[in-house]
Amino acid sequence: MKSSLSIITITALLATSAMAGDAMNKCVADTSALGANDPEAGCTCFVKSIPEDAVKAYAKITDWESEATAEMKKAAAVCFPELQPD
113 MKSSLSIITI TALLATSAMA GDAMNKCVAD TSALGANDPE AGCTCFVKSI PEDAVKAYAK
173 ITDWESEATA EMKKAAAVCF PELQPD
């Protein structure tokens, strides 16, 4: 029982890591294209600032303005101040 629980835990962690990796890759690509000062640091901040379900959703969005949640936009404002409109 204990080993099957460990396998389930490891599988869940790997799936979470993969989704966070997808979100990081998308974030770095998107913010690099927009001219972020430090996309890696900003994206680390962004991914850590939003809940896991929002990380999963972010990895799949195609249009920031219409699909990003309020919590994503709030995190982006904090993590990427240089990309915010004046």
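Mind the numbering: the sequence shown is residues 113 to 198 in this note's numbering, read in order. For each residue, glycine too, the CB sits at the ideal point set by N, CA and C.
Taking the Cα positions, Ala141 is about 23 angstroms away from Asp198. Using a Cβ distance threshold of 8 angstroms, Ala187 and Ser161 count as a contacting pair.
Between Trp176 and Leu195, the alpha-carbon positions lie close to 13 angstroms from each other.
The Cβ atoms of Ala148 and Tyr170 lie no closer than 8 angstroms to each other.
Within the model, the alpha-carbon separation for Val167 versus Ile173 is close to 10 angstroms. Glu179 and Phe158 have their C-alpha atoms spaced approximately 16 angstroms apart.
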